[in-house]
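Numbering (this note's numbering), first residue to last: -3 to 377.
Glycine is no exception: its CB is placed at the ideal position from the N, C-alpha and C atoms.
Each remark here refers to the structure printed beneath this line.
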């Protein structure tokens, strides 16, 4: 019999979106991706790159589109390019690893799984393994069919419900995903990954309280589940329960992963609590751990600008621009700092750069920035 294993839970922690303006969240061609029109999405991403090759985020999106289409070789090329342009691009490295693993799966694995099913059509494990093999090749309809067959043969197969939930979540049908995770939990009440993914599904469908409850349940089952503390802290942050958010994020620090981003999130919480000194400490700690995170530098610059500490503000905004020379708001904010300092020539230059950056990415920008302080999920963007 084939060795049975299930899809690993949602690999990336799901964080809330930016509340302010973010340049990479409203690309028109993302609509093609969301509608699973892979060829159209690829064409649009390629058009953007033909105008400016120095866009790691677009290469990342291009890699995801190729991966969904099933062209894994080109996906690897795109993810490699993203990591070359942005050496600390953790999400791109993770996707590169995932896609590379798919390529490295022996081509005859599918044949082996099919033979196992043919040999014993009533073997739920064989259908589950075949479904997983289809899933790894982005053959979602075939994977769904095999998972459902496994469930029909063995309604107590928790992994089949879980894997089906991951599939639904992967195609953004979060309500269906939630139902599958619930069924997995009915079969196996202490299935921590199912509770965790259910928390994500609840968050993505706007059920914040249920999301919080699931993350708490994960921690009860597995106190060492680091991502659950992080997601719990972020859910509390969105809820406005800042004291609870601090408690969860501080516990996340003890787990020893994603420390730079956790300090960034802590800084955001302290900012909401009007504890500026502690906010500064957390952003500085985030930068000390990973100096290439953009958001802590930018937010520090905004704090210094508000305090009229222009030299320090200029230093932080300059660091942002060094990390991402297309970050229009950084030019705008640095220009304000120069103007406040009395350097009108430098201020005008930055205003000009701001307008140029905006116009160069007119298809990416959806609206004028309405807030300049970021509290969102991707401090490296």
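Under 6 angstroms Cβ to Cβ from residue 82, same chain only, skipping five residues before and after it: list those, please. 52
Alpha-carbon to alpha-carbon, residue 120 and residue 109: 12 angstroms
Looking only at its chain, what residues have a beta carbon closer than 8 angstroms to the beta carbon of residue 174, apart from the 5 residues adjacent to it on each side? 161, 194, 197, 198, 201
Can you give me the C-alpha to C-alpha distance between residue 383 and residue 311, rounded to a whole angstrom? Residue coverage of the chain in this structure runs from -3 to 377, which leaves residue 383 outside it and unanswerable.
Counting only the same chain and skipping the five closest in sequence on each side, list residues whose C-beta sits under 7 angstroms from that of residue 172. 164
Tell me which same chain residues have a C-beta within less than 6 angstroms of the C-beta of residue 34, skipping the five on either side of it? 61, 64, 65
Within 10 angstroms of the Cβ of residue 267, are there 16 or more other Cβ atoms? Answer buried if so, exposed if not. Classification for residue 267: buried.
Which runs of the alpha helix (DSSP H) fall wholly inside the segment 54 to 89 and span at least 4 residues, in chain order? 68 to 81
Verify whether the separation of the beta carbon atoms of residue 329 and residue 298 is less than 8 angstroms. yes
With a threshold of 16 other CB atoms inside 10 Å of the CB of residue 97, please say whether the residue is buried or exposed. exposed
Can you give me the start and stop residues for the alpha helix (DSSP H) that residue 305 sits inside? Here residue 305 belongs to no alpha helix (DSSP H), and DSSP marks it neither H nor E.
Closest to residue 349 by C-alpha separation, out of 185, 87, 321, would be which residue? 321
Determine the extent of the alpha helix (DSSP H) in which residue 267 is found, giving its start and end residues. 255 to 268
To the nearest angstrom, report how far apart residue 151 and residue 185 are at their CA atoms. Approximately 15 angstroms between the Cα atoms of the pair.
Can you grab the Cα-Cα spacing for the pair residue 46 / residue 57, in whole Å? One C-alpha to the other measures close to 15 angstroms.
Express the C-alpha separation of residue 246 and residue 305 in angstroms, rounding to a whole number. Distance between the alpha carbons of residue 305 and residue 246 is about 30 angstroms.
Are the beta-carbon atoms belonging to residue 124 and residue 154 less than 8 angstroms from one another? no
Could you tell me the alpha carbon to alpha carbon distance between residue 183 and residue 144, rounded to whole angstroms? 15 angstroms
Could you say which of 74, 188, 238, 281 lies nearest to residue 265 if we only look at CA atoms? 238
Integer-rounded CB distance, given that residue 248 should sit under 8 angstroms from residue 386: Residue 386 lies beyond the residue range present for the chain, which begins at -3 and ends at 377; the question has no answer from this structure.
With a threshold of 7 angstroms on Cβ separation, who are the neighbours of residue 137 within its own chain once the five nearest residues in sequence on each side are excluded? none
Quick check on DSSP: helix, strand or coil for residue 49? coil
For the alpha helix (DSSP H) that contains residue 129, what are its first and last residues? Counting along the chain, the alpha helix (DSSP H) containing residue 129 begins and ends at 120 to 132.
Note down, in chain order, each residue of its chain lying with its Cβ closer than 6 angstroms to the Cβ of residue 106, except the 5 sequence neighbours on either side. Counting only Cβ-Cβ distances below 6 angstroms, and skipping sequence neighbours, we find 129.
Determine the contact status of residue 79 and residue 71, defining contact as a CB-CB distance below 8 angstroms. no
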